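Following this note's numbering, the numbering of the sequence shown begins with 291 at its first residue and continues without gaps.
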Amino acid sequence: MPLAEGGLTFAYAIIMGGETVNRVGPECLGFTARLLSRVITAVYDDALADIGLKVSQFSVLSAIANREDTRPAELAKFLAMDESTLSRNVTRMCARGWLKLETGDGDRRSHQIAVTEKGMALLRKSYPAWQKAQSQLTQRLG
Numbered sequence: 291m292p293l294a295e296g297g298l299t300f301a302y303a304i305i306m307g308g309e310t311v312n313r314v315g316p317e318c319l320g321f322t323a324r325l326l327s328r329v330i331t332a333v334y335d336d337a338l339a340d341i342g343l344k345v346s347q348f349s350v351l352s353a354i355a356n357r358e359d360t361r362p363a364e365l366a367k368f369l370a371m372d373e374s375t376l377s378r379n380v381t382r383m384c385a386r387g388w389l390k391l392e393t394g395d396g397d398r399r400s401h402q403i404a405v406t407e408k409g410m411a412l413l414r415k416s417y418p419a420w421q422k423a424q425s426q427l428t429q430r431l432g
């Protein structure tokens, strides 16, 4: 069943000046993109659930594991995330032992985020589930 059936095509009515506008939902790119994002996130989250990981956490782990510059501000830009949101996620992931903060070279105020061995093991373990979700979405979305 294509994602468009039931999920993306429905009338979204807004009353404006006494007139009902039924096309705003389906025709609004922002509305549709956010809805599609939630649907895609749910597919990845379902695939990763048995591992105890969310796709947002998988993305952070993957980005840190594959980047040289892992300063929080640069990582937030790369992931298109608010710095405070990234900070909360990193704090939780550090508490679980998946990430660690390291002091930057020459500047004690500067930090780099690193994936721990436990985090790398989790990333390796989660890859087949991620790959399954990726294939499922590729088939459904084309």
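Where is the CB? At the ideal position from N, CA and C, for every residue including glycine. It should be emphasised that the depicted structure is a prediction, and the values quoted were computed from it without experimental measurement.
Per DSSP, cross-strand counterpart(s) of residue i
i: K390; result: A404
Delimiting residues of the alpha helix (DSSP H) encompassing residue i
i: E364; result: P362 to L369
i: I330; result: L319 to L338
i: I354; result: V345 to A355
Backbone secondary structure at residue i - three-state DSSP
i: R382; result: helix
i: R414; result: helix
i: R430; result: helix
i: G296; result: Because G296 carries a pLDDT of 43, less than 50, the predicted location of this residue cannot be relied on, and no value is offered for it.
i: I305; result: At I305, the pLDDT of 38 sits below 50, so the modelled position is not reliable; the number obtained from the coordinates is stated separately. It is a strand residue.
i: A419; result: helix
Presumed contact (8 Å Cβ cut-off) between residue i and residue j, rounded CB distance
i: L437; j: A355; result: This structure does not reach residue 437, given that the chain is present from 291 up to 432, and the question cannot be answered.
i: N379; j: S346; result: 7 Å
i: L338; j: W420; result: 7 Å
i: W388; j: T406; result: 6 Å
Original post:
So does the segment 412 to 421 actually touch the segment 359 to 378, counting three or more Cβ pairs closer than 8 Å?
Top reply: no
Subject >> Stretch-stretch touch, CB-based, cutoff 8 Å, three pairs: the segment 382 to 390 with the segment 334 to 354 >> reply: Result yes; three or more Cβ-Cβ pairs closer than 8 Å.
Original post:
Are the segment 330 to 337 and the segment 418 to 428 touching by the rule of at least three beta carbon pairs closer than 8 Å?
Top reply: As far as the Cβ criterion goes, the segment 330 to 337 touches the segment 418 to 428, which means the pair count is three or higher.
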